[in-house]
Amino acid sequence: MKKIKPSHFFKGIFNWIILILIAAIAGYAFVTFFYQTVEVIGPSMSPTLSDGQTVLVNKIDYKFHDIKRYDIVVYSKVDSDAYYDIKRIVGLPGETIKISNGKIYINEEVLKDSPITSNIINPGIAADEITLGKNEYFVLGDNVNNSEDSRYTNIGKISNTEIKGKVVYILKPKNEKRKIK
14 MKKIKPSHFF
24 KGIFNWIILI
34 LIAAIAGYAF
44 VTFFYQTVEV
54 IGPSMSPTLS
64 DGQTVLVNKI
74 DYKFHDIKRY
84 DIVVYSKVDS
94 DAYYDIKRIV
104 GLPGETIKIS
114 NGKIYINEEV
124 LKDSPITSNI
134 INPGIAADEI
144 TLGKNEYFVL
154 GDNVNNSEDS
164 RYTNIGKISN
174 TEIKGKVVYI
184 LKPKNEKRKI
194 K
């Protein structure tokens, strides 16, 4: 049996500790800066996303690209950092939003290509025109008549600093895996 020198043994242990530490730092950086998983809670994004699904959020995309109309985003209100919500971008900075007769109006024109096809029963605060500021967005749930979104004062306009990332993929359950368009 070959005898191992104590210095080689401790050097091997030290190398393993360094390797584990680097892996932990890389994993933390990946989740903090690049991608994160978030669980869908509630029916507000149905039929696009369902309660209990786990989605992958791209946290770096908006560092290089603009937020676009109809992107599905994860955001957290400044006063509620512990909870993420998922909604669809409908209104962009500088636009005026109004909901009237069940339809969404952007700058006084009916939004025609919207993936939100339901007649909106409750316009909320969007019954009056809402003008978005430089870095503000208006969000709605796809299940618009069962969604707490920008039509309600407790949500209101979403700041670009509150948007954590773009939903890009459904991870779980396995039989529902797919890319989000």
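In our numbering, the protein residues as written are 14 to 194. Beta carbons: idealized from backbone N, C-alpha and C, even for Gly.
C-alpha distance - residue i paired with residue j, whole-angstrom precision
i           : j           : result
residue 54  : residue 72  : 19 Å
residue 120 : residue 143 : 10 Å
residue 126 : residue 108 : 16 Å
residue 129 : residue 34  : 46 Å
residue 157 : residue 131 : 7 Å
residue 160 : residue 56  : 8 Å
residue 62  : residue 24  : 50 Å
residue 40  : residue 105 : 33 Å
residue 192 : residue 184 : 9 Å
residue 188 : residue 20  : 52 Å
residue 162 : residue 101 : 9 Å
residue 83  : residue 180 : 11 Å
residue 122 : residue 31  : 60 Å
residue 49  : residue 36  : 17 Å
Extent of the continuous alpha helix (DSSP H) run through residue i
i           : result
residue 3   : Any question about residue 3 goes unanswered here, given that the chain covers just 14 to 194.
residue 151 : Premise fails: residue 151 lies in the beta strand (DSSP E), 149–153, not in any alpha helix (DSSP H).
Short Cβ contact (8 Å threshold) for residue i with residue j
i           : j          : result
residue 154 : residue 58 : yes
residue 88  : residue 98 : yes
One or two residues paired with residue i in a DSSP bridge
i           : result
residue 52  : 67
residue 144 : 109
residue 40  : Looking at the DSSP assignment, residue 40 forms no beta bridge with any residue, so it has no partner.
residue 171 : 150
residue 86  : 100 and 179
Boundaries (first-last residue) of the beta strand (DSSP E) holding residue i
i           : result
residue 118 : 116–119
residue 76  : Element bounds for residue 76: not the beta strand (DSSP E) but the alpha helix (DSSP H), 74–77.
Closest by C-alpha distance to residue i, when choosing among the options
i           : options              : result
residue 176 : 37, 151, 20 and 193  : 151
residue 81  : 184, 173 and 186     : 173
residue 43  : 105, 69, 161 and 88  : 69
residue 46  : 106, 188, 110 and 77 : 77
residue 135 : 96, 113 and 146      : 113
residue 138 : 31, 117, 180 and 147 : 117
residue 140 : 64, 66, 60 and 110   : 110
residue 60  : 85, 122 and 22       : 85
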